Amino acid sequence: MKLTIERTALLRALGHVQSVVERRNTIPILSNVLLRAESGELALSATDMDLEIVASVAAQGVRKGSTTAPAHTLYDIVRKLREGAQIEIDAAGDKGAMTVRSGRSTFTLACLPPEDYPLMADGELAHGFTLSAADVKRLIDRTRFAISTEETRYYLNGIFLHAAKSNDVPMLRAVATDGHRLARMEVPLPEGAAGMPGVIVPRKTVNELRKLIDEIDQDVQISLSDTKIRFGFGNAVLTSKLIDGTFPDYERVIPAGNDRFLEVECKPFAEAVDRVSTISTEKSRAVKLALERGSLTLSATSPENGTAVEEIEVRYNGPSIEIGFNSRYLLDITDQMSGEWVAFQMADAASPTVVHERADTSALYVLMPMRV
Amino acid sequence: MTALCRDCAALAAALPAGGRCAQCGSPRLVAHAELASLSLAHIDCDAFYASVEKRDHPELLDRPVIVGGGTRGVVLACCYVARLSGIRSAMPMFKALKACPDAVVIRPDMAKYRAVGRAVRELMQATTPLVQPLSVDEAFLDLAGTERVHGGPAARTLALLARRIEREIGVTASIGLSYNKFLAKIASDLDKPRGFAVLGRGEAMDFLAPRSVGLIWGVGAALQQKLARDGISTIAELRQRSEHELTARYGAIGRRLARFARGEDDRPVDPDAPMKSISVETTFTRDIARLDGLAEQLQPLCASLALRLERAGRAAAAVTLKLKTGDFRVLSRSRQLADPTQRAETLYRAALPLLRAAADGTAFRLIGIGADRLAEAALADPPDLFAADPGARLAAGAEAVRRRLGAGAIRRGVIRAEDDDAD
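Same order as they appear, the protein sequences are chains A and B.
Mapped onto the working numbering, the consecutive letters of the first sequence carry residue numbers 333 to 704.
Mapped onto the working numbering, the consecutive letters of the second sequence carry residue numbers 3 to 425.
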């Protein structure tokens, strides 16, 4: 294998794949990136056995062949080379080594045989549809903060993607929860997604996908089966296994009958929560919301730090109520809001509260109160 | 010989004739040669949870009362009437009820006990700033130098404090007075309930001599057995060995053995001593290598750790699994929890993956589990959107374990009486 490639293009492609590679690996070849040179193109692949990204980039003077080289080392070398430099990659001679040359720099990297590289089987995936980059971003950004990190609840360690109906309109829904809060985002169901199974996309896949979208801003081709999902972007393809588990019946925990309605301006509310939470203890992050007709008093106390109180005007006509929330969870939600007003639907201080933008319920959040 | 009346706090130079206080006629006198010079105390409330419940339900005053049950199914506390039937704390509930079928069982109200415990602590802190709480209902107090403030020796101040706790809070406490923590803690247990025991320099050595080495803090069943094999079962026998010899043979604890055996303990009363971790461990009679055998030992330890956490009013935000190999290498593995917990089941589920990773066929002689990064009890086990049906959650957890370890890895079990002394 031999080829010449422009530094910026190679760095971008390596950047797409290298973050999949874990820093510590018990299987040596998983620390490597697979390089395959074919007619005018270099394909780079990285995998952690659950998730695989393949990125392609144009190359010159290609002599066909393949090898695997240490991903992070190669990335660091290319990163440190001068901008605009041409890089020559040569793995033709000695089987166990690859040479990287640019200007007066020469690196020789130890390689492992490409035939040992564990690529995922290519097979056809039964369901396919296309989503705009903006929709994929929205589905991820408004839900991923709620993904559980608790390993024993592995079936919550991802985003549940499925087809559903809202007021009889078919929707594609993303749902994530850690048991303390739940986030649900929906977009109109794209063509081809109608018969898709509900799938749980693992957190790492979600994060890698989100990074790719930032860099390659174009429509995403999604195809999936009940064990695998693939996201295609033209010159990059991400394939991932799905979490093998049953997502809980989340609709059961979204309360429908909450009858205390609060509307508050999003930005001043978020700023007040942020200010008051300065006092709450690192571990609890609790803030108390005391509601009375027309006003909301936010407060926090901690034995070490003292107390904080702030009052803001709100639209509220219900009976007085005191309810506590984790300030971090409130801010995670307000961070995702673009509208001016946020609406809360509460029942009492111990029951789940529903939160959404006043004029838009495509993103819906459920928060479990804290004991304060 | 100084004598002190525990009811009216009158002091006398000698025990009055007839054994009654010359001022108020009370028989509750305590007399000791060093009474006026000792100032280190351990105060321990009597059958605390049960006493609080009796205070709030006077009609139960002479009934056997057990606090416990709920999800854990063990006795958390029992009153002295219940103890007459042989009931002890940490006993499985079914066993306790067999021993005393007419016992009144009360579900624990930890928030209430913590509030009462706080009130007791405030009275202690009003007496001396040097209060080191050990749990919700017991603490060490150093009263050295408070004689002038309180207008009398520490013993008198303590009698007044105990009286105040009884009158203002409505529970009784027992006091152990000595010259260090080790002996004060032993003393508070000698005269329970509503007791006042003194261990002075004059008799401490004689008092300790015939006692079992198990009295020393840190000497569990395993070390006790080992000492017995080496011909040491009483503290007097321990005293015949030098500190050097004990350290060489038993490691770091040898120093404590040597010092405590001679009634020496230089640990100060530290009011800021943060409770950093709580742990329990057990040494096996025979080394265990198999995962299921180790897991079987771990389960009752988790129950016992959960109990300790609840009593201390703390919650574990991380767990540490400790294993000691047959050749005494210590392994410890930690893991953070998604939320602080006081539940045995959650502790067990968090520790099991650590155990699975460590159980590689090595034979272990000891297993322990510790709660780290302690948080306030109020943060423990926050309400969960999907926890409405605990059975479903339990089943999901069991399913996850079976997926990883095979069908036989987890099964429904009972806590057997033999496992009770695990810690």
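For glycine and all other residues, C-beta sits at the position ideal for the given N, C-alpha and C.
Just so it is clear, the structure is predicted and the values come from calculations on it, not from any experiment.
Check, Outcome
"9 Å Cβ cut-off: residues of chain B touching residue 698/A", "387"
"Secondary structure, alpha helix (DSSP H): runs of 4+ residues fully inside the region 17–79 of chain B", "50–58"
"CB contact check: residue 684/A to chain B, cutoff 8 Å", "yes"
"Proximal residues of chain A, C-beta to C-beta of residue 380/B below 8 Å", "616, 703"
"Beta carbon of residue 370/B nearer than 8 Å to that of residue 283/B", "yes"
"Cβ-Cβ distance between residue 401/A and residue 441/A below 8 Å", "yes"
"Beta-carbon gap between residue 587/A and residue 478/A smaller than 8 Å", "no"
"Contact between the region 242–261 of chain B and the region 295–302 of chain B (3+ Cβ pairs under 8 Å)", "no"
"Chain-order list of residues whose beta-carbon lies under 8 Å from that of residue 566/A (same chain, five-residue window excluded)", "548, 550"
"Beta-carbon spacing of residue 695/A, residue 595/A below 8 Å", "no"
"Alpha-carbon spacing of residue 340/A relative to residue 463/A, whole angstroms", "28 Å"
"Boundaries (first-last residue) of the alpha helix (DSSP H) holding residue 659/A", "659–667"
"Contact residues within the region 88–110 of chain B, judged by C-beta distance below 9 Å to chain A", "none"
"Among 94/B, 198/B, 230/B, 61/B, nearest to residue 9/B - alpha-carbon criterion", "198/B"
"The region 508–537 of chain A: positions lying closer than 9 Å to chain B by Cβ", "509, 510, 511, 512, 513, 514"
"Check whether residue 214/B and residue 249/B have beta carbons under 8 Å apart", "no"
"Boundaries (first-last residue) of the alpha helix (DSSP H) holding residue 208/B", "203–210"
"Contacts that residue 580/A makes with chain B (C-beta to C-beta distance below 7 Å)", "388"
"Alpha-carbon spacing of residue 568/A relative to residue 618/A, whole angstroms", "43 Å"
"Secondary structure, beta strand (DSSP E): runs of 3+ residues fully inside the region 239–316 of chain B", "280–290"
"Residues bridged to residue 285/A (per DSSP)", "What is shown of chain A runs 333 to 704, which leaves residue 285/A out entirely."
"Expected contact under 8 Å - CB spacing of residue 66/B and residue 83/B to nearest Å", "5 Å"
"Cβ of residue 377/B within 8 Å of any chain A Cβ", "yes"
"Helix, strand or coil at residue 517/A [DSSP, three-state]", "strand"
"Cutoff 8 Å: residue 481/A Cβ touching any chain B Cβ", "yes"
"Any C-beta of chain A under 8 Å from that of residue 4/B", "no"
"Boundaries of the beta strand (DSSP E) in which residue 678/A is found, first to last residue", "673–678"
"Cβ shell of residue 656/A (< 8 Å), same chain only, five flanking positions each side left out", "618, 619, 620, 621, 681, 701, 702, 703, 704"
"Within 8 Å, strictly: CB atoms of residue 395/A and residue 424/A", "yes"
"Within chain A, partners of residue 318/B - CB distance below 8 Å", "Correct list: empty, because the minimum Cβ distance to chain A is about 12 Å."
"Residue 366/B burial status per 10 Å Cβ neighbour count (16 or more: buried)", "buried"
"Local conformation of residue 411/A per DSSP, three classes", "helix"
"Closer than 9 Å at the beta carbon, the chain A residues around residue 351/B", "484"
"Residues, ordered as in the chain, of the region 568–596 of chain A that lie near chain B by beta-carbon distance below 7 Å", "580, 585"
"Supposed contact pair residue 475/A and residue 508/A - C-beta distance, whole angstroms, cut 8 Å", "4 Å"
"C-alpha distance - residue 343/A paired with residue 397/A, whole-angstrom precision", "20 Å"
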